[in-house]
């Protein structure tokens with residue numbers, strides 16, 4: 252299988268379309284170190300609320316959508332005494348969190364908790380320990396052939412040590428109601444940074460995209476329940492730890508699928524794969540580097556902000572000179588892109604897309620790491 256890396260030049264001004272405009276609103280600037288942000292309707296009022304992970308806090312809080320852009324988002328404590336929370340997954344009347352995270356497996360308890368509300372959802376929720384997975388790092392829901400699964404992905408397997416990180420890092424799942432750990436896949440080695448359930452083939456069931464030191468893989472559930480992997484790209488071809496892939500999101504351009512990725516692990520590159528399915532057909536896979544100036548790249552989101560049927564890419568990095576940018580495709584093939592600056596006041600660790608004001612447009616919410624802020628970018632259209 253062949254892979255090609257191509258660097259492309261981004262124009263300063265798009266020749267084909269004006270970028271969407273955003274109105275930025277700061278939800279809070281009192282976070283110590285922002286990490287994940289999760290969209291969830293906490294109070295069942297049909298308005299998307301926000302849960303934000305603060306890596307340096309022992310509290311997990313959510314912010315209530317007021318329904319108006321000019322009103323404050325009220326903060327409510329979801330859980331206390333949950334140090335080193337790293338990830339959150341939302342389900343109706345249930346929240347799942349992974350905390351006691353450390354990057355060294357021997358020092359990481361990796362507690363998985365299930366939170367359920369009492370009579371008042373604005374008061375701290377009840378918690379129950381489900382499992383302990385050292386270096387627990389990603390929690391994602393998947394609609395599998397065998398039912399709904401909470402995919403539980405550690406950053407590192409128990410035998411991994413720096414700098415080699417050469418041992419397997421298994422991916423697990425937990426089935427609601429049973430909560431016994433199910434082995435899902437153990438064929439990846441080193442750091443596994445991202446898992447993204449996604450219906451790749453349109454059959455109504457999710458496959459799982461993974462980003463790791465070994466690149467980008469597509470995990471598919473077989474008839475007997477086993478999961479197998481196909482590599483879509485090795486990612487960054489340099490030697491580890493400057494290797495592989497860190498974060499990824501699928502998108503479409505007029506019905507044509509592409510993948511956006513940050514590479515390598517916490518890397519400097521924003522990459523687009525215009526035709527990732529080529530790997531499954533034995534054809535060469537193009538790897539287009541849109542930006543190689545990021546420092547500690549981490550935030551990535553893909554969605555159609557301007558309503559033209561072509562998804563845009565939002566990418567942000569946490570290091571020196573941090574920026575949040577939008578990349579807009581200039582052609583239908585995904586081989587030409589224009590970058591537009593969104594914000595220089597947020598060291599974005601994570602971004603999520605939702606319609607926060609019910610105007611039919613895709614808005615953006617991002618959490619800041621060193622900047623300690625949570626911001627919403629309301630979409631004003633072009």
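Residue numbers (the numbering used here): 252 to 633.
All C-beta atoms in this analysis are idealised placements derived from N, C-alpha and C, irrespective of residue type, glycine included.
Runs of the alpha helix (DSSP H) lying entirely within the region 335-399 and spanning at least 4 residues: none are present.
Restricted to the region 549-575, not a single alpha helix (DSSP H) segment is unbroken, complete and at least 4 residues in length. No Cβ-Cβ contact shorter than 7 Å links residue 536 with residue 552. Annotation for residue 520: 514, 540 and 543 place their beta carbon closer than 6 Å to its own, counting only its chain and skipping 5 residues before and after. Separation of residue 477 and residue 408 (C-alpha to C-alpha, rounded to the nearest whole angstrom) is 20 Å.
In the DSSP assignment, the residues bridged to residue 520 are 514. Residue 318 counts as exposed, since fewer than 16 other beta carbons sit within 10 angstroms of its beta carbon. Around the beta-carbon of residue 452, fewer than 16 other beta-carbon atoms lie within 10 Å, marking it exposed. For residue 527, the three-state secondary structure derived from DSSP is helix. If you check the CB distance, residue 303 and residue 290 do not come in under 7 Å. For the pair residue 485 and residue 509, the CB atoms are not nearer than the 7 Å cut-off. With a 10 Å radius around the Cβ and a threshold of 16 neighbouring Cβ atoms, residue 502 comes out buried. For residue 444, DSSP assigns no beta-bridge partner whatsoever. Using a C-beta cut-off of 8 Å, the region 397-413 makes no contact with the region 320-334, since fewer than three inter-stretch Cβ pairs fall below that distance. For residue 443 against residue 463, the beta-carbon gap comes to about 4 Å, under 8 Å, which counts as contact.
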